[in-house]
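> In this note's numbering, the protein residues as written are 23 to 453.
Ideal placement from N, C-alpha and C gives every residue a C-beta, glycine not left out.
Would you mind keeping the following structure in view while I ask a few things?
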Ligand SMILES: *[C@@H]1O[C@H](CO)[C@@H](O)[C@H](O)[C@H]1NC(C)=O
Ligand SMILES: [Zn+2]
């Protein structure tokens, strides 16, 4: 196992052959890239070698033992023949994923032409979201405050808005867009915040009075802007030139960079890092190495100190997760988390029948350390920290690309879940 993994490190640098365009005028295209679902046989140690040249979109977890991976056209024959040789079963789900991306873009564009105003019938650009946030303090004077929490690696301002209708409220923090391609998280979080501002539903009005609400809708501005060029980009955009002989790789996974058991699930025998900057889950050169991570942490510890519930939005697979990600050992308050989790997923199901799994990150997804929720609970002492993996379900084809017509239904059911979460958390004395 060890030797295979060391080999996988050696092949790693030569393994990323998807050439990433750096020119925003010239988007990365996925013409004739095929999406495969693969059921591995002999453990994760050989995965990198078998999958070299591909882009892993999802990994096995308790809901599903398979990988989803994109393979460029020129590698497909070799990939399939390799899988046959090692007798891993696989299925080809789509022969040209660019069509799925184009469809989402087209619908967004049509709605943009039709509406022109800020709406949740389409996905919004970073600039539109920032304009919307900057307008809120004037629209809701004395209620909404805008914070610039600092610049991203590429120099983009990063904004948080706060809604407060009463002094000394406990606070709820909504964080989204840490992973750039998870567009639905950004749209859902802004929809919920807008409901808190505009809804006349007495339950929602009460929530907006009783709690302060913080929203960070785009936690990874550079990555989000870059998804206009490469729709499937996940990390931030910090460049790493490992050697003049090798292609430059970009990006740190901002949901692996936090200083709580940092990189623990990413070490071979507890020593060697198993990921490089070319990998999708590269946790950074050190804990909190990224400016986006530091900006958010500084804001939380300086301004959002009354936060009692921290909610992190990701996509996809319809699961509700809670700490911790690096170990199977359950946190002491696990039973309370499970009670709250049960109420939340039941409430999500009521409106459209959407089914969620729930449990700790380690149990339900896979071993992963350095996430925001683990850090906010483990280091910042926020008593409740949950992560939603929004629609679609685990079986979706190209789940990061979600039709804009699903933004509002996703947002509605998620807000139903959050209301139930707050209800149960109050019963248990957290809020
Ligand atoms: C949560 O729901 C599951 C499945 O319905 C149940 O077995 C479990 O006892 C519930 N947990 C708590 C803490 O209520
Ligand atoms: Zn994510």
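Is the beta carbon of residue 355 within less than 7 Å of some heavy atom of ligand 1?
Numbered from its first residue, the chain shown carries residue 355 at position 333. Not so, every heavy atom of ligand 1 lies at least 7 Å from the Cβ.
> To which residues does DSSP link residue 295 through a beta bridge?
Position 273 of the chain shown, counting from 1, holds the residue named residue 295. 289, per the DSSP bridge assignment.
> Between the Cα of residue 185 and those of 217, 172, 434 and 55, spot the shortest distance and give me the residue it belongs to.
Here the question's residue 185 lines up with position 163 in the chain shown. Ranking 217, 172, 434 and 55 by Cα distance to residue 185 puts 217 first.
> Taking the beta strand (DSSP E) that residue 183 belongs to, which residues open and close that run?
One-based indexing of the chain shown puts residue 183 at position 161. Per DSSP, residue 183 belongs to the beta strand (DSSP E) from 179-185.
> Mapping DSSP to helix, strand and coil, what is residue 332?
Looking up residue 332 in the chain shown gives position 310. In the structure shown, residue 332 sits in a strand (DSSP, three-state: E or B).
> CA-CA distance, residue 425 and residue 141?
Numbered from its first residue, the chain shown carries residue 425 at position 403. Numbered from its first residue, the chain shown carries residue 141 at position 119. Rounded to whole angstroms, residue 425 to residue 141 spans 15 Å at the Cα level.
> Between the C-alpha atoms of residue 232 and residue 453, what's the straight-line distance to the nearest angstrom?
Counting from one through the chain shown, the residue named residue 232 turns up at place 210. Counting from one through the chain shown, the residue named residue 453 turns up at place 431. C-alpha separation (whole angstroms): 10 Å.
> Run the proximity test for residue 364: is its beta-carbon closer than 7 Å to any non-hydrogen atom belonging to ligand 1?
For this step, residue 364 is matched to residue 342 along the chain shown. Yes.
> Measure from the alpha carbon of residue 127 to the alpha carbon of each residue in 249, 199, 431 and 304, then state which is nearest.
If you number the chain shown from 1, residue 127 lands on position 105. Comparing Cα-Cα distances from residue 127 to each of 249, 199, 431 and 304, the minimum goes to 249.
> Tell me the DSSP secondary structure of residue 317 in three-state form.
Within the chain shown, the letter at position 295 stands for residue 317. If DSSP states are grouped into helix, strand and coil, residue 317 belongs with the helices.
> Please report how far the alpha carbon of residue 207 lies from the alpha carbon of residue 409, in whole angstroms.
Against the chain shown, residue 207 aligns to sequence position 185. Against the chain shown, residue 409 aligns to sequence position 387. Cα to Cα, the separation comes out at about 11 Å.
> For a test of your reading of the model: does the CB of residue 204 fall under 7 Å from any non-hydrogen atom of ligand 2? Yes or no.
Here the question's residue 204 lines up with position 182 in the chain shown. Yes, since a heavy atom of ligand 2 falls inside the 7 Å radius drawn around the Cβ of residue 204.
> Put residue 234 into one of helix, strand or coil per three-state DSSP.
The residue given as residue 234 occupies position 212 in the chain shown. In this structure, residue 234 counts as strand in the three-state DSSP scheme.
> Are there any heavy atoms of ligand 1 lying less than 7 Å away from the beta-carbon of residue 377, as far as the coordinates show?
The residue given as residue 377 occupies position 355 in the chain shown. No - ligand 1 has no heavy atom lying nearer than 7 Å to the Cβ of residue 377.
> Is it the case that the stretch 302-311 contacts the stretch 151-171, given that we only count it when at least three CB pairs across the two stretches are under 8 Å?
Too few Cβ pairs lie closer than 8 Å, so no.
> Using a Cβ-Cβ cutoff of less than 8 Å, which residues in the same chain neighbour residue 187 once the five nearest sequence positions on both sides are dropped?
To locate residue 187, count along the chain shown from 1; it is residue 165. Here the set comprises 165, 230 and 231.
> Within the continuous alpha helix (DSSP H) that includes residue 410, where are the two ends?
On the chain shown, position 388 is the one that residue 410 refers to. Counting along the chain, residue 410 falls outside any alpha helix (DSSP H), though it belongs to the beta strand (DSSP E) covering 406-415.
> Please report the straight-line C-alpha distance between residue 180 and residue 155, rounded to a whole angstrom.
Working through the chain shown from its first residue, we reach residue 180 at position 158. Working through the chain shown from its first residue, we reach residue 155 at position 133. When rounded, the distance between both Cα atoms is 11 Å.
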